[in-house]
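*Asks:* Supplied in structure tokens, the structure appears directly below.
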Amino acid sequence: MDFTNVLLEWYRKNRRELPWKEYNDPYSIWVSEVILQQTRVQQGDGYFRRFIGAYPTVGHLAEAPEDDVLKLWQGLGYYSRARNMHKTAKRIMEEYGGKFPSDINQLKKLEGIGPYTAAAVASFAFGMDVPALDGNAYRILARFFGIDMPVGTSGSKKLFTQLAGILLPRGDSASFNQAMMDFGSLVCTPHPTCTSCPMSGSCYAFLKGLTDKLPVKQVKTTTRRRYFNYLDLEYENTIVIRQRTGKDIWKGLYEFPLIETGTPVSFEELTQNVDFRQLTGLESFTLHDMIRLQPHKLTHQTIYPVFYKIRLNGPVSVPEKDYRIIDRKELKNFAVSRLTEKYMDSFHNFVDL
101 MDFTNVLLEW
111 YRKNRRELPW
121 KEYNDPYSIW
131 VSEVILQQTR
141 VQQGDGYFRR
151 FIGAYPTVGH
161 LAEAPEDDVL
171 KLWQGLGYYS
181 RARNMHKTAK
191 RIMEEYGGKF
201 PSDINQLKKL
211 EGIGPYTAAA
221 VASFAFGMDV
231 PALDGNAYRI
241 LARFFGIDMP
251 VGTSGSKKLF
261 TQLAGILLPR
271 GDSASFNQAM
281 MDFGSLVCTP
291 HPTCTSCPMS
301 GSCYAFLKGL
311 TDKLPVKQVK
321 TTTRRRYFNY
331 LDLEYENTIV
341 IRQRTGKDIW
351 KGLYEFPLIE
361 TGTPVSFEEL
371 TQNVDFRQLT
381 GLESFTLHDM
391 IRLQPHKLTH
401 QTIYPVFYKI
411 RLNGPVSVPE
421 KDYRIIDRKE
431 LKNFAVSRLT
441 EKYMDSFHNF
451 VDL
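Per our numbering, the very first residue in the sequence shown carries number 101; after that it's consecutive.
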């Protein structure tokens with residue numbers, strides 16, 4: 101069976117109509133690919149339209165304040181993607197005169213652009229004959245050709261790239277790469293519909309009954325547990341927020357003052373914490389409410405969040421660095437962490453609390 105011809109024939113009849121497929125410029129393709137990392141297509145659609153509407157060119161993105169970019173990104177998670185996009189937009193303006201480099205190796209040197217995104221931009225925007233391998237492509241190739249090397253290792257990546265390079269039709273890499281993405285999203289899914297697959301008669305995994313075994317996944321690393329205790333401190337309708345810094349998650353986003361503990365703690369135990377005493381002042385507060393949200397799962401860690409709504413009896417004293425005192429209704433203007441957003445959404449009217 102001619103794998104490539106069968107795939108392209110299927111694609112001509114079944115291709116998905118997605119908003120970013122209307123664009124062939126490197127900026128729009130880059131934006132769509134970054135948004136779709138760790139994001140479902142249905143969710144990515146709206147974000148892509150809003151992002152391109154707000155920043156129609158790389159120059160517009162480069163000129164935007166980072167806080168505005170993060171605010172627009174809010175809800176997508178993995179905020180390092182947005183920060184890297186902002187950095188890359190500035191570099192493209194400063195170092196490349198506002199034009200994306202067409203060389204795949206130059207693309208990979210830009211912040212947040214890895215091998216897949218670089219290949220996608222090179223293929224879709226510049227017509228280069230390079231395979232763009234995402235999870236869909238790995239799954240299809242592993243099943244059809246019976247490749248049992250764990251996906252994600254350097255050796256398997258090299259093998260899959262070489263194989264896809266052989267299958268790639270010269271002069272039409274874009275159709276091949278799009279076809280792989282669509283076929284993996286519609287037919288050769290994690291739970292495939294092999295009865296409607298035009299390749300099942302020649303597929304190793306289907307013929308051997310191994311569709312649930314291939315591709316082979318890497319052994320997952322241990323998930324770290326973290327316990328976040330947030331303090332929603334209010335005095336005369338003003339609240340305290342802090343901006344996350346350092347190399348931890350959600351860098352640059354705003355949230356309520358946080359006390360992280362190694363294990364779950366009671367509120368009584370929390371009041372003995374030095375940071376708690378500094379922020380609230382001794383005997384100068386009233387615990388108004390406690391909200392325990394569902395565990396928040398990230399790639400290699402799970403966060404167990406608790407929010408304490410505390411009304412202060414006097415003005416709050418906060419460290420100058422990274423902290424701000426604002427009116428409660430102003431919080432909606434800041435790019436906040438997903439947990440803070442969930443906390444705000446748990447109330448019918450957060451502003452009037």
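Virtual Cβ for every residue (Gly too), placed ideally from N, Cα, C.
Would you identify the three-state DSSP class for D145, choosing helix, strand or coil?
*Replies:* Numbered from 1 along the sequence shown, position 45 holds the residue referred to as residue 145. In this structure, D145 counts as helix in the three-state DSSP scheme.
*Asks:* Quick one: is D102 buried, meaning 16 or more other Cβ sit within 10 Å of its Cβ, or exposed?
*Replies:* Taking the sequence shown and counting its residues from 1, the one referred to as residue 102 is at position 2. Flag for D102 reads exposed.
*Asks:* Can you find the residues in the same chain that come closer than 6 angstroms, C-beta to C-beta, to F276, ignoring five residues on each side of it along the sequence?
*Replies:* Residue mapping note: residue 276 aligns to position 176 of the sequence shown, counting from 1. Contacts found: L268, P269.
*Asks:* For the alpha helix (DSSP H) that contains N277, what are its first and last residues?
*Replies:* Stepping through the sequence shown from its first residue, residue 277 is reached at position 177. First-last of the alpha helix (DSSP H) with N277: 273-286.
*Asks:* What residue range is occupied by the uninterrupted alpha helix (DSSP H) comprising N329?
*Replies:* Your numbering for residue 329 matches position 229 in the sequence shown. Note, N329: premise wrong, no alpha helix (DSSP H); beta strand (DSSP E) at 324-335.
*Asks:* Assuming G198 and V251 form a contact by the criterion Cβ under 8 angstroms, report the distance between their Cβ atoms to the nearest whole angstrom.
*Replies:* One-based indexing of the sequence shown puts residue 198 at position 98. One-based indexing of the sequence shown puts residue 251 at position 151. So it is not a contact: roughly 37 angstroms between Cβ atoms.
*Asks:* Measure the Cβ-Cβ separation of P298 and Y327 and say whether it is below 8 angstroms.
*Replies:* Position 198 of the sequence shown, counting from 1, holds the residue named residue 298. Position 227 of the sequence shown, counting from 1, holds the residue named residue 327. No, the Cβ-Cβ distance between P298 and Y327 is not below 8 angstroms.
*Asks:* Go through the stretch 339-367 residue by residue and report every complete run of the beta strand (DSSP E) that reaches 3 residues or more, in order.
*Replies:* 358-361, all fully within the stretch 339-367.
*Asks:* Do T188 and E163 have their C-beta atoms closer together than 8 angstroms?
*Replies:* Indexing the sequence shown from 1 puts residue 188 at position 88. Indexing the sequence shown from 1 puts residue 163 at position 63. For T188 and E163, no; Cβs fall outside 8 angstroms.
*Asks:* For Y155, does the three-state DSSP call read helix, strand or coil?
*Replies:* The residue you call residue 155 lines up with position 55 of the sequence shown. Note: Y155 maps to coil in three-state DSSP.
*Asks:* Please report the distance separating the alpha-carbon of T261 from that of R377.
*Replies:* Looking up residue 261 in the sequence shown gives position 161. Looking up residue 377 in the sequence shown gives position 277. Using only the alpha carbons, I get a separation of about 56 angstroms.
*Asks:* What three-state label does DSSP hand Q171 in the structure shown?
*Replies:* Sequence index remark: in the sequence shown, residue 171 carries index 71 (1-based). The amino acid occupying residue 171 in the given sequence is Lys; Gln does not appear at that position. Of the three classes helix, strand and coil, the one that applies to K171 here is helix, per DSSP.
*Asks:* Measuring only the C-alpha atoms, how far is D167 from I266?
*Replies:* The residue you call residue 167 lines up with position 67 of the sequence shown. The residue you call residue 266 lines up with position 166 of the sequence shown. C-alpha separation (whole angstroms): 44 angstroms.
*Asks:* Mind checking which residues open and close the beta strand (DSSP E) that includes V418?
*Replies:* Your numbering for residue 418 matches position 318 in the sequence shown. No beta strand (DSSP E) contains V418, which DSSP labels as neither H nor E.
*Asks:* Could you say if the stretch 115-134 and the stretch 142-161 meet the contact criterion of at least three C-beta pairs nearer than 8 angstroms?
*Replies:* The stretch 115-134 is in contact with the stretch 142-161.
*Asks:* When we look at the beta-carbon of K432 and count the other beta-carbons within 10 Å, is it buried (16 or more) or exposed?
*Replies:* Taking the sequence shown and counting its residues from 1, one reaches residue 432 at position 332. By the neighbour-count rule (16 or more Cβ atoms within 10 Å), K432 is not buried but exposed.
*Asks:* Looking at I240 and F456, is the spacing between their C-beta atoms short of 8 angstroms?
*Replies:* In the structure as shown, the chain begins at 101 and stops at 453. Residue 456 is therefore absent and cannot be evaluated.
*Asks:* Which residues does DSSP pair with L263 in a beta bridge?
*Replies:* For the purposes of this step, residue 263 is taken as residue 163 along the sequence shown, with counting starting at 1. Partner(s): none; L263 has no beta bridge.
*Asks:* May I have the straight-line CA-CA distance separating G301 from S254, to the nearest angstrom?
*Replies:* Along the sequence shown, one-based indexing puts residue 301 at 201. Along the sequence shown, one-based indexing puts residue 254 at 154. Distance between the alpha carbons of G301 and S254: 30 angstroms.
*Asks:* Does the distance from the CB of S384 to the CB of L412 come in under 8 angstroms?
*Replies:* Along the sequence shown, read from residue 1 onward, the residue named residue 384 stands at position 284. Along the sequence shown, read from residue 1 onward, the residue named residue 412 stands at position 312. Taking 8 angstroms as the Cβ cut-off, S384 and L412 qualify as a contacting pair.
*Asks:* Look at the alpha carbon of M193 and the alpha carbon of H186, and state the distance between them as a whole number of angstroms.
*Replies:* Within the sequence shown, numbered from 1, the residue matching residue 193 stands at position 93. Within the sequence shown, numbered from 1, the residue matching residue 186 stands at position 86. If I take the Cα positions, the gap works out to 11 angstroms.
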